[in-house]
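What follows is a single structure, written as structure tokens, with notes after it.
2 protein chains.
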Amino acid sequence: QSPAVEAGRQKAQMCAACHGPLGLGSAPDAPHLAGQPEIYLAAQLKAFRSGVRRHEQMNVMAKALSDEDIAALAAWYASLKIEVQPPR
Amino acid sequence: QSPAVEAGRQKAQMCAACHGPLGLGSAPDAPHLAGQPEIYLAAQLKAFRSGVRRHEQMNVMAKALSDEDIAALAAWYASLKIEVQPPR
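Protein chains in written order, with this note's numbering: chain A, 20 to 107; chain B, 20 to 107.
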């Protein structure tokens, strides 16, 4: 794994409570992050950090993130490959 | 499938260009919707519709959606089960 992915894996431990250890969360109002596009993830974290996108917890969580943290978290979650099962 | 899921599947054809036919998109700045929690999906579509959450295309797309459309789209995408592969 790349250093960014590994750094992201470490950093993501603080996200696991809502988003799950591998990015599949259990909270009904928290999105699954596993496999999301890296660019999308980084853009959302920056929007939460700046407040352009508003969410009580996420604005607080993102406030503490540096650009490196954001890049690492995006790399980590994007590295988790997901598959969708066709509907039955 | 429930009527809401079927209605959502139909309605989602207009979303497939960015979000993919089964909710796994190809656009780097568009999230995968497959398997996302129903409550989260509905809340985001309403935020895009009201403008609380800002995105050029999504604010336009969501403007045309009724509450029933939103419930159906959320039910459809949430019905698509996803699995994550543990990191190699």
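Glycine included, C-beta positions come from ideal geometry on N, C-alpha and C.
If you run the structure through DSSP and keep just helix, strand and coil, what is residue i?
{"i": "A:Val71", "result": "coil"}
{"i": "A:Leu64", "result": "helix"}
{"i": "A:His38", "result": "helix"}
Under 8 Å by Cβ, that's how I've got residue i and residue j pegged, so tell me the actual separation to the nearest angstrom.
{"i": "B:Ala26", "j": "B:His38", "result": "In fact, because the Cβ distance is near 17 Å, the residues do not count as touching under 8 Å."}
{"i": "A:Ala31", "j": "A:Tyr96", "result": "7 Å"}
{"i": "A:Val24", "j": "A:Ala94", "result": "5 Å"}
{"i": "A:Leu84", "j": "B:Pro105", "result": "Actually they are not in contact, since the Cβ atoms of A:Leu84 and B:Pro105 sit about 25 Å apart, beyond 8 Å."}
{"i": "B:His51", "j": "A:Gly54", "result": "6 Å"}
{"i": "B:Gln63", "j": "B:Arg73", "result": "No, B:Gln63 and B:Arg73 are not in contact; Cβ-Cβ is about 12 Å, not under 8 Å."}
{"i": "B:Leu99", "j": "A:Val103", "result": "5 Å"}
Which residues in chain A have a C-beta closer than 8 Å to the C-beta of residue i? List them in chain order.
{"i": "B:Lys100", "result": "Val103, Gln104"}
{"i": "B:Leu84", "result": "Near B:Leu84 there are no residues of chain A at all, since even the closest Cβ is about 19 Å away, more than 8 Å."}
Check the Cβ of residue i against every Cβ in chain A and list those closer than 7 Å, keeping chain order.
{"i": "B:Gly54", "result": "His51, Val103"}
Given that residue i touches chain B, what residues does it touch there, using C-beta distances under 9 Å?
{"i": "A:Ala62", "result": "Asp48"}
In terms of DSSP beta bridges, what is residue i paired with?
{"i": "B:Glu102", "result": "A:Glu102"}
Run through chain B and tell me which residues come within less than 8 Å of residue i, C-beta to C-beta.
{"i": "A:Ile109", "result": "Residue 109 of chain A falls outside the range modelled here, since chain A spans only 20 to 107, and no answer is possible."}
Flag residue i as yes if its beta-carbon sits less than 9 Å from any beta-carbon of chain D, otherwise no.
{"i": "A:Ala46", "result": "Protein chains in the displayed structure are A and B, and chain D is not among them."}
- Message: By the 7 Å beta-carbon criterion, what residues does the segment 21 to 43 of chain A contribute toward chain B?
- Response: Leu41, Gly42, Leu43
- Item | Positions along the segment 65 to 98 of chain B whose CB lies within less than 8 Å of some CB in chain A | Val71, Arg72, Arg73, Ser98
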